[in-house]
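Single-structure report; data block below.
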Amino acid sequence: DTGVSQNPRHKITKRGQNVTFRCDPISEHNRLYWYRQTLGQGPEFLTYFQNEAQLEKSRLLSDRFSAERPKGSFSTLEIQRTEQGDSAMYLCASSAGTGSEKLFFGSGTQLSVL
Amino acid sequence: SQQGEEDPQALSIQEGENATMNCSYKTSINNLQWYRQNSGRGLVHLILIRSNEREKHSGRLRVTLDTSKKSSSLLITASRAADTASYFCATDGGSNYKLTFGKGTLLTVNP
């Protein structure tokens, strides 16, 4: 168990650019989540995968955001045409599934849009 | 939207004192969880209490749950400077997969 890994840890980009983040969950976990957190707030749910299937997307996730988990292992979160309001910490979490509701979080990717 | 609301927003205590944080939520739940977050890091799971449980202990942590009042409390006894962090409650809103987090309580333990 090497934990949930997120890359990069920090990303600075200019408004209008596209960015992509990667998450490697704990290997035997079939559930993967993306959350977004801004300063002084709790994490807000963005989307959820069961294996490779994306089962829920928050209304917070505009059409500029897309997430994939192609082989049911790692996941990517892409933001197109970034805006300053996208600046936040993007957190990935995984869990083993039904009967194990505890989430294991990565250290997050801090995005700053200039 | 955030399901849980922690109270207080910030708490400052001396090492050795107890810290109590409260959480209120809005809808029915299967379980409620507490997480801890050190500055700039991810969240770490502390404890889970199910809707049919009233109290649970884990080391220096004690969690209570009152489903009739839709509230929970987290007590940290004999606090240490290393307990300085933000603490969040999270509820599943009756689902079996999605957690909704509150805004958190920032706990500062002064040595």
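Chains L and G, in that order, are what the protein sequence lines are.
So in the numbering used here, the last spot in the first sequence is 115, and the numbers never skip.
So in the numbering used here, the last spot in the second sequence is 1094, and the numbers never skip.
A virtual CB, placed ideally from N, CA and C, is assigned to each residue, including glycine.
Only a predicted model underlies this, so the values are computations on that prediction, with no experimental measurement involved.
Sub-9 Å separation of residue i and residue j beta-carbons
| i | j | result |
| --- | --- | --- |
| residue 32 of chain L | residue 90 of chain L | no |
| residue 5 of chain L | residue 107 of chain L | yes |
| residue 50 of chain L | residue 70 of chain L | yes |
| residue 1069 of chain G | residue 1020 of chain G | yes |
| residue 1064 of chain G | residue 1092 of chain G | yes |
| residue 1014 of chain G | residue 996 of chain G | no |
| residue 1008 of chain G | residue 1039 of chain G | no |
| residue 1062 of chain G | residue 998 of chain G | yes |
| residue 66 of chain L | residue 55 of chain L | no |
| residue 181 of chain L | residue 97 of chain L | Any property of residue 181 of chain L remains undetermined from this structure, which presents chain L solely from 2 to 115. |
Residue i: first and last residue of the uninterrupted beta strand (DSSP E) it sits in
| i | result |
| --- | --- |
| residue 34 of chain L | 32-38 |
| residue 993 of chain G | 993-997 |
| residue 80 of chain L | 76-80 |
| residue 1005 of chain G | 1002-1007 |
| residue 57 of chain L | 54-58 |
| residue 45 of chain L | 45-51 |
| residue 84 of chain L | Taken as a continuous stretch (DSSP letters only), residue 84 of chain L belongs to no beta strand (DSSP E), as it is neither H nor E. |
| residue 113 of chain L | 110-114 |
| residue 68 of chain L | 66-69 |
| residue 1020 of chain G | 1014-1020 |
Beta-carbon separation (whole angstroms), residue i vs residue j, contact threshold 8 Å
| i | j | result |
| --- | --- | --- |
| residue 7 of chain L | residue 22 of chain L | 7 Å |
| residue 1055 of chain G | residue 1047 of chain G | 6 Å |
| residue 26 of chain L | residue 95 of chain L | 3 Å |
| task | For the stretch 5-29 of chain L, list the beta strand (DSSP E) runs that are entirely contained and at least 3 residues long, ordered along the chain. | result | 6-8, 11-14, 20-25
| field | chain L contacts from the stretch 994-1028 of chain G (Cβ-Cβ distance under 9 Å) | value | 1013, 1014, 1016, 1018, 1020, 1023, 1024, 1025, 1026, 1027, 1028
| Which runs of the beta strand (DSSP E), 3 residues or longer, sit entirely within the stretch 1030-1092 of chain G? | 1038-1041, 1044-1049, 1054-1059, 1068-1074
| request: May I ask you to list, following chain order, the residues of the stretch 1040-1066 of chain G that have a beta carbon less than 8 Å from some beta carbon of chain L? | output: none
| task | Using a Cβ-Cβ cut-off of less than 7 Å, list which residues of the stretch 1070-1091 of chain G approach chain L; keep chain order. | result | 1071, 1075, 1079, 1080, 1081, 1082, 1083, 1084, 1085, 1086, 1087
| request: Check distances from the C-beta atoms of the stretch 20-49 of chain L to those of chain G and list, in chain order, the residues that come in under 9 Å. | output: 32, 34, 36, 38, 41, 42, 43, 44, 45, 46, 49
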